[in-house]
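Q: Please read through the structure below; I'll follow up with questions.
Residue numbers (the numbering used here): 1 to 272.
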């Protein structure tokens, strides 16, 4: 896979780019030598798992037809408004850009500690959203605002003002929101196209990937991480980023954002 330098830690050398899977992603096979042609072998189906993924322990978090496995971040049921399941997509609907002010954020029913998460994400123009992890209801104000957790930022960097806020670009697409900036050379696809997001959490170490390229890596137990938190909007949340497990969250920030191929590898843990 391909790697980039992050602003937090130097990543590994370049090593080839992984191919993003999903509906509309063409899988190619090389034609017989000397023909100069490329043969279309198959087209990956959305919201399904390959035999290899199943054997490796991956599970779908979104089946393409229902909201099974998800609930409102501040309730036991799925939001009655603000979210839509249609045409194999899980979409948060436009509501004027308010943070968790319409349908609200949704979280997995289960919690996860060590895990890998993959999802295809499509933003509308000017959109803001995020995928949070290690979300616990012990932080933040119960029932109000967006639930608190570490966040893989999803943003239209060219249009949304948040891209120029924070510090040194740490609120741009792929960043650890308000903490670590993704490289400006990241392979983000244009608005309206699908981007493949990948989050890896092992122990206290976390990686953000985009379209097969590593963007950042960090250690939640490090002094460097604590220093970043102390200079961020999370400074007043005791124990921020230190939970051993937590929910995975899809953010309602009032803009149209669609998700598909949402899958996880890791042991689901009882709610704590």
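A virtual CB, placed ideally from N, CA and C, is assigned to each residue, including glycine.
1. Taking residue 223 as the reference, give the member of 236, 213, 242 and 208 with the closest Cα.
2. What separation, rounded to the nearest whole angstrom, lies between the Cα atoms of residue 47 and residue 250?
3. For residue 153, count neighbouring Cβ atoms within 10 angstroms of its own Cβ and tell me buried if that reaches 16, exposed if not.
4. From the DSSP output, in three-state form, read off residue 193 for me.
5. At 3 residues or longer, and completely inside the segment 95-165: list those beta strand (DSSP E) runs for me, N to C.
6. I think residue 129 touches residue 257, with their Cβ atoms under 8 Å apart; what is that distance to the nearest whole Å?
7. Relative to the alpha-carbon of residue 180, which residue among 188, 169, 78 and 187 has its alpha-carbon at the smallest distance?
8. In terms of alpha-carbon separation, which member of 163, 208 and 232 lies closest to residue 178?
9. For residue 159, tell me which candidate among 191, 230, 174 and 184 has the shortest Cα-Cα distance.
10. Taking the beta strand (DSSP E) that residue 269 falls in, what are its first and last residues?
11. Determine which residues share a DSSP beta bridge with residue 246 and list them.
12. Considering only residues of the same chain and omitting the five flanking positions on each side of residue 157, which have a CB-CB separation below 7 Å?
13. Can you look up residue 219 in the DSSP assignment and give me helix, strand or coil?
14. Using the three-state DSSP reduction, which class does residue 61 fall into: helix, strand or coil?
15. Distance, Cα to Cα, residue 69 vs residue 79?
16. How about residue 103 and residue 83: do their beta carbons lie closer than 8 Å?
17. Rounded to whole angstroms, what is the Cα-Cα separation between residue 213 and residue 200?
18. Tell me which same chain residues have a C-beta within less than 8 Å of the C-beta of residue 245, skipping the five on either side of it?
19. Can you grab the Cα-Cα spacing for the pair residue 278 / residue 136, in whole Å?
20. Which residue marks the beginning of the beta strand (DSSP E) containing residue 86, and which one marks its end?
21. What are the boundary residues of the beta strand (DSSP E) that residue 273 is part of?
22. When we look at the beta-carbon of residue 236 and count the other beta-carbons within 10 Å, is it buried (16 or more) or exposed?
23. Skipping 5 residues on each side, what residues in its chain have a beta carbon closer than 7 Å to that of residue 202?
24. Give every residue of the same chain whose Cβ lies closer than 6 Å to the Cβ of residue 122, excluding the five residues on either side of it in the sequence, and list them in chain order.
25. Residue 73: which of 49, 253, 219 and 146 sits nearest, CA to CA?
26. Here's a check: name, in chain order, each residue in its chain whose Cβ is nearer than 6 Å to the Cβ of residue 90, leaving out the five neighbours to either side.
A: So, to answer that:
1. Residue 223 sits at position 223 when you count from the first residue of the chain shown. Closest by alpha carbon: 242.
2. Along the chain shown, one-based indexing puts residue 47 at 47. Along the chain shown, one-based indexing puts residue 250 at 250. Cα to Cα, the separation comes out at about 17 Å.
3. Here residue 153 is taken as the residue at index 153 of the chain shown, counted from 1. It is buried - the Cβ of residue 153 has at least 16 other Cβ atoms within 10 Å.
4. Within the chain shown, residue 193 is the residue found at index 193, counting from 1. Note: residue 193 maps to coil in three-state DSSP.
5. 106-108, 111-123, 128-135 and 150-155
6. On the chain shown, position 129 is the one that residue 129 refers to. On the chain shown, position 257 is the one that residue 257 refers to. 4 Å between Cβ atoms; contact.
7. In the chain shown, residue 180 corresponds to position 180, counting from 1. The candidate whose alpha carbon is nearest that of residue 180 is 169.
8. Position 178 of the chain shown, counted from the first residue, corresponds to residue 178. Taking only the C-alpha atoms, the option nearest residue 178 is 232.
9. The residue labelled residue 159 in the question sits at position 159 within the chain shown. The option with the nearest alpha carbon to residue 159 is 191.
10. The residue labelled residue 269 in the question sits at position 269 within the chain shown. Note, residue 269: beta strand (DSSP E), 257-269.
11. Working through the chain shown from its first residue, we reach residue 246 at position 246. Beta-bridge pairing links residue 246 to 112.
12. If you number the chain shown from 1, residue 157 lands on position 157. The residues are 163, 172 and 173.
13. In the chain shown, residue 219 corresponds to position 219, counting from 1. Looking at residue 219 - three-state DSSP - the assignment turns out to be strand.
14. Here residue 61 is taken as the residue at index 61 of the chain shown, counted from 1. Here residue 61 sits in coil by DSSP.
15. The residue you call residue 69 lines up with position 69 of the chain shown. The residue you call residue 79 lines up with position 79 of the chain shown. The straight-line gap from Cα to Cα measures roughly 13 Å.
16. As a working note, residue 103 is residue 103 in the chain shown. As a working note, residue 83 is residue 83 in the chain shown. It is a contact, given that the beta carbons lie within the stated cut-off.
17. Within the chain shown, numbered from 1, the residue matching residue 213 stands at position 213. Within the chain shown, numbered from 1, the residue matching residue 200 stands at position 200. Using only the alpha carbons, I get a separation of about 12 Å.
18. Counted from its first residue, the chain shown places residue 245 at position 245. Taken in chain order, the residues that qualify are 111, 112, 113, 134, 269 and 272.
19. The question about residue 278 has no answer here: the residues shown for the chain are numbered 1 through 272.
20. The sequence position of residue 86 within the chain shown is 86, counting from 1. Taken as a continuous stretch (DSSP letters only), the beta strand (DSSP E) holding residue 86 covers 83-86.
21. Outside the modelled stretch of the chain, which goes from 1 to 272, sits residue 273, for which no answer is possible.
22. Position 236 of the chain shown, counted from the start, is the residue given in the question as residue 236. Label assigned to residue 236: exposed.
23. By one-based count along the chain shown, residue 202 stands at place 202. Cβ neighbours of residue 202 beyond the five flanking positions: 114.
24. Indexing the chain shown from 1 puts residue 122 at position 122. Closer than 6 Å at Cβ, skipping near neighbours: 194 and 258.
25. Here residue 73 refers to the residue found at position 73 when the chain shown is read from its first residue. Among 49, 253, 219 and 146, the Cα nearest to that of residue 73 is on 146.
26. Position 90 of the chain shown, counted from the first residue, corresponds to residue 90. If we look at residue 90 and ignore the five residues flanking it on each side, its Cβ neighbours are 62 and 259.
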